[in-house]
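Report on the structure given below.
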Amino acid sequence: MTATTAYHIAALDVGTTYLRCFVLDENCTVKGSAADAVELLNPQPGYFEIEPEGLWRKIIKVITESIRNARLTPADITCLTISTQRCTFLTWNHQTNEYYHNFITWKDLRADALVEQWNSSCSLRAMNGFFYALYMLTRNARFLAGSVLKLMNGQVTPRLLYEIAHNKRLQQALREKKARLELLDSWILYKLRSGNGLDPDVEHITDITSSTATGLYDPFTLSWSPLARWMFGIESSILPRVVDNSYKNFGHVHPAAFGPSWGDTKIPIAASISDQTAAMWGSQCFATGNVKVTMGTGAFLNLVTGLECKAVISGMYPLVAWQLTHKNKQRDTIYCIEGAAHDFGTVVTWAQSCGLFETPADTADIAQSVPDTNDVYFMPAFSGLGPPVNDYRAASGFIGMTPSTTKAHLVRALLESIVFRVVQLIESAEKETSQKLKIIKVDGGVSRNDFVCQFLADASGLCVERAECSESSIMGATFLAGLNHGIWHTLDDLKRFRHVERIFKPQPKLYEIIASRMQKWSRAIERFSGWY
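My numbering puts the last residue of the sequence shown at 1129; the count rises by one with no breaks.
Listed below in structure tokens is the structure:
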């Protein structure tokens, strides 16, 4: 980067609740931004969908408005970078633009009965046993991972199987070899690069950090898993080709995607990355042992395990954190383990809709207005309970209410419960990696809540670090694009852009008190277990 060159990176982030586009300069200063809500459709209980063309119009809108807000023109944009939610997919005929269904999001539970059926089937138990026998013979970590393999609602696999079983138009298209699967990133890349379908021959690609969480991808072999075809009949030919995070052939945004106002401007696409990897990069979790917790719609803990793809058995799972190819053609694949609590921000949103408070910003003061929950506990299990509990039929609810229970007790119980779920993930990660963590980097909307961050520090006994910028996904996607485009050259060049706003330090005198409360909360899990 020369001192006289001005760079402007447009960073698009498509999340579960909002989509945003920020325009940042070479100093990572935000020059302009635009945002819009993602319209989440709920056609029947447990179904969570996004209508694709409506989403596309909003993507065009926020990119265009962010550039205008920055008082720039499309020609002033150096490159575009993309961050997307994972495991949200659709199937379509890209040649005719016929969609066989809406985007089915990662929160969707339509395949819940199928997941239960598969996970209790003799076929899966036999496969688990076979892999465990192979592990005992070879001590290969890949086979240990296979010995505990189960379907999960958050993966693409069960929801795709459900659609194949129930969607007759999709069945016919698969027979005629006209259908293909799009992850959210591959669909956005196609629409941008093809000019919204003007060039249907644009390559069908997805980034490795989006593919790795689908349940169809094997992080040990770095390829689509043959189990998808052997066990489920899903042909890899309908899946996009997987590319690494240094991919040089993304090409550019086709100006036709944005209409006449863009003229012949062709903005290079510098990077595509999943939201959780983007958050890792935005939090600068580059070293083995670094851990971040994203507190958004769900809570996602990612612990970097370096060059080792670690087999885990607690319900957490190994993923490709990122993959970079260097100038000397050497390719480095960095792994992580991940655990998720799918109900985090959703609990806060639900409580707000029930009238427990006016805005989420009020919750910290409300929770701190009482010394404890008065022995009231909440179970945040709208989507069941993930690792290490792994009970996806658990129910949500309060327990322990008495006539002396106040609204403040309920709000505090809600916030404590979502923190307890994160503490469970932290303890599982420590157990799986045989290491004691020292600091947790947090990001996401809920991380702006001081009570949640301090209670997490007190309950875990760890320091909780919060950056000044809460937009970790935007920052991470920007960092990767800047490296790929040559604006910056090394990870060390990025360190100057991270500014810590506050470190929440644990208060040792509270640890045993909170541990006792969490133990009682853990006992309450039994009351809500297996309800559905």
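Where a beta carbon is used, it is the ideal one built from N, C-alpha and C, also for glycine.
Three-state class that DSSP yields for M892 in the structure shown: strand
Residue burial classification, S1113 (beta-carbon count within 10 angstroms, cutoff 16): exposed
Own chain partners of K1117 with C-beta closer than 6 Å, once the 5 adjacent residues on each side are dropped: none
Segment limits, beta strand (DSSP E) that includes D709: It is not in any beta strand (DSSP E) - D709 instead sits in the alpha helix (DSSP H) that spans D709 to N716.
Nearest to G994 (by Cα), restricted to the options W947, T1030, D861 and T902: W947
L836 versus W784: straight-line alpha-carbon distance, rounded: 12 Å
Residues near T943 by beta carbon distance below 7 Å, same chain, minus five either side: T894 and F979
Distance between G1127 and S720 (C-alpha atoms, nearest Å): 23 Å
Beta-carbon gap between Y787 and A708 smaller than 8 Å: no
Nearest residue (CA-CA) to T902, options T1030, N690 and N737: T1030
Backbone CA spacing between T1003 and V1049 [nearest angstrom]: 19 Å
Under the three-state DSSP convention, the category G830 falls into: coil
Proximity below 8 Å, CB of K1035 to CB of E1027: no
Beta-carbon proximity check, E636 vs E648, cutoff 8 Å: yes
CA nearest to the CA of G1041, picked from M892, H923 and T811: M892
S880 beta carbon less than 8 Å from that of S1069: yes
G629 - DSSP class collapsed to helix/strand/coil: strand
Touch test, the stretch 952-968 against the stretch 996-1010, Cβ-Cβ under 8 Å, three pairs minimum: yes
Three-state secondary structure (DSSP) of N899: strand
Meets three-Cβ-pair contact criterion under 8 Å: the stretch 668-681 and the stretch 859-879: yes
Distance CB(V753)-CB(I805) smaller than 8 Å: no
CB-CB length for L916 against T809, believed under 8 Å: 5 Å
Beta strand (DSSP E) segments (min. 3 residues) lying fully within the stretch 1047-1079: 1060-1064
Limits of the beta strand (DSSP E) - the one that S680 falls within: C676 to T681
Those residues which DSSP pairs with W689 across a bridge: Y696 and R777
Where the alpha helix (DSSP H) containing S1014 begins and where it ends: K1004 to T1030
Q1135, DSSP secondary structure in three states: In the structure as shown, the chain starts at 598 and stops at 1129, and residue 1135 therefore has no counterpart that could be examined.
Length-filtered (3 minimum) beta strand (DSSP E) runs lying within the stretch 881-969: 888-892, 896-903, 914-922 and 928-938
N- and C-terminal bounds of the beta strand (DSSP E) containing R615: According to the sequence shown, residue 615 is Tyr rather than Arg. Run containing Y615: Y615 to D622, per the beta strand (DSSP E) assignment.
Per-residue DSSP class, three states only, for Y1129: coil
Span separating the alpha-carbon of L1022 from that of S833: 33 Å
Contact between the stretch 1073-1084 and the stretch 605-612 (3+ Cβ pairs under 8 Å): yes
Cβ neighbour criterion (16 or more within 10 Å) applied to W919: buried
Continuous alpha helix (DSSP H) assignments of at least 4 residues falling wholly in the stretch 743-809: 753-763, 765-772, 781-791 and 805-808
A1121 vs R1095 beta-carbon contact at 8 Å: no
Validate contact between the stretch 642-656 and the stretch 697-712 using beta carbons, cut 8 Å, 3 pairs: yes
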